[in-house]
Amino acid sequence: NHLQTDDHNKTAARPCNCEAASPAWHAPSADRAPKCVFIDLGAADGNTFHKFLGDGYTNVQNCPSGGAWEAYLVEANPWFGPSLRALQDKYPGKVHVFSSTAAFMCAATASFYLDSHNHEHNYWGSSMSFNHPDAVRGGHKKVTVPTVNVIQMIRENTVQSDSVILKMDIEGAEWDIVPCLASSPFATLVDSFYLEEHPLSWNPDTPTTEADMKKAKSKLMARGVKMPQYFSQTLFLLNGTEAVGANASLSS
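For the sequence shown, the positions run 1139 to 1390 when our numbering is used.
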């Protein structure tokens, strides 16, 4: 992933369009034992995976089949690759890492802008968005990464009897993914969806409006997806004002 710098004002087009279903996606064997499946989009160095193991999202010992679980960790920032691969090595067959890979609603390649200055906060502002405040402050240093279709990941790795926990903290790309997920027949595979919602201005290329996002979340909840209030303990800089958890996603 060769580091590049964009030194002129522009925005990047969406790398691909919503793919909500495909006959090429195959579900796991129907007779496999149910389990908890934790899908972590924006996994950073594994901090929220550790929260999952520490019962931060569910009581892991109460997972189906005597506490069985599996985790899929997706992180586009290549700096976190070694930490995530160490977790995969520590939990072979249970932790599956997609490092240097961006979560999205289709499979393609995309520019990913690196937050190079928030070291004490795990470079939390790295994003697919050219307009993200930390991409701007970092001088638009970018890498090119593949994207993984989140909906395909859900379809191919979960069954209805699983307890599926989806956590999404992806700095603006949720404005594309959430409406796509809401339109998918596979959305009902998700039991709990922890969404951190960021400002729409961070994703200027999306056709999604505030009303569209509200409708998509309502549709997901109407189909049985629980959406608890959620924010990670991060500090946002919005219009020059610092606010903790200012963009928490609400379930109402």
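We put the CB at the ideal spot given by N, CA and C, even for glycine. All values derive from a computational prediction rather than experimental measurement.
Just the Cα atoms here: how many angstroms apart are residue i and residue j?
i: PHE1190; j: THR1196; result: 7 Å
i: GLY1194; j: PRO1166; result: 27 Å
i: ASN1385; j: TYR1229; result: Low confidence applies to ASN1385: its pLDDT is 36, below 50, so where it sits in the model is not reliable, and the reading given next is rough at best. Answer to the nearest angstrom: the Cα atoms are 33 Å apart.
i: VAL1286; j: GLY1204; result: 30 Å
i: ALA1246; j: CYS1154; result: 6 Å
i: ASP1227; j: ALA1360; result: 39 Å
i: ILE1308; j: GLY1231; result: 25 Å
i: ALA1158; j: SER1321; result: 7 Å
i: CYS1244; j: SER1356; result: 22 Å
i: LYS1364; j: CYS1156; result: 22 Å
i: VAL1104; j: ASN1200; result: Residue 1104 is absent from the structure shown; the chain starts at 1139 and stops at 1390.
i: LEU1388; j: PRO1366; result: Since pLDDT at LEU1388 reaches only 37, below the 50 mark, its modelled position is unreliable, and no value is offered.
i: ALA1354; j: GLY1192; result: 30 Å
i: SER1339; j: GLY1362; result: 29 Å
i: PRO1161; j: ILE1315; result: 20 Å
Near residue i, which residues of its chain fall below 8 Å by C-beta distance, leaving aside the five closest residues on each side in sequence?
i: PRO1216; result: ASN1139, SER1237, SER1238, VAL1281 and VAL1283
i: SER1209; result: The sequence given here places Ala at residue 1209; Ser does not occur at that position. Result list for ALA1209: VAL1175, PHE1176, ILE1177, ASP1178, PHE1187, PHE1190, TYR1229, LYS1232, VAL1233 and HIS1234, in chain order.
For residue i versus residue j, is the C-beta spacing smaller than 7 Å?
i: LEU1319; j: ALA1325; result: yes
i: SER1117; j: CYS1174; result: With the chain running from 1139 to 1390 in the structure shown, residue 1117 is simply not present.
i: LEU1453; j: ALA1241; result: Because residue 1453 is not part of the residues shown, which for the chain are 1139 to 1390, the question remains open.
i: LEU1252; j: VAL1235; result: no
i: ASP1343; j: ALA1151; result: yes
i: ASN1341; j: TRP1313; result: yes
i: PRO1172; j: PRO1202; result: yes
i: ILE1177; j: LEU1358; result: no
i: ALA1181; j: LEU1211; result: yes
i: PHE1218; j: ASP1169; result: no
Which residues share a DSSP beta bridge with residue i?
i: ILE1303; result: PHE1176 and SER1330
i: SER1221; result: For SER1221, which the question treats as bridged, DSSP gives no partner whatsoever.
i: HIS1234; result: TYR1210
i: PRO1284; result: THR1247
i: PHE1242; result: ASN1287
i: LYS1364; result: SER1330
Since residue i and residue j are thought to touch, with beta carbons under 8 Å apart, how far apart are those beta carbons, to the nearest angstrom?
i: TRP1163; j: GLN1298; result: The pair is not a contact, with the Cβ atoms about 15 Å apart (cut-off 8 Å).
i: CYS1327; j: TYR1368; result: At residue 1327 the sequence reads Leu, which differs from the Cys that was named. Their Cβ separation, rounded to whole angstroms, is 19 Å, which puts LEU1327 and TYR1368 out of contact at 8 Å.
i: ALA1214; j: PHE1187; result: Contact flag wrong, Cβ pair sits at about 16 Å.
Take residue i and list the residues in its own chain whose beta-carbon comes closer than 6 Å to its own, dropping the five residues that flank it on each side.
i: THR1346; result: TRP1313 and PRO1317
i: ILE1292; result: PHE1324 and LEU1327
i: ALA1206; result: LYS1173
i: MET1306; result: LEU1179, GLU1312 and LEU1333
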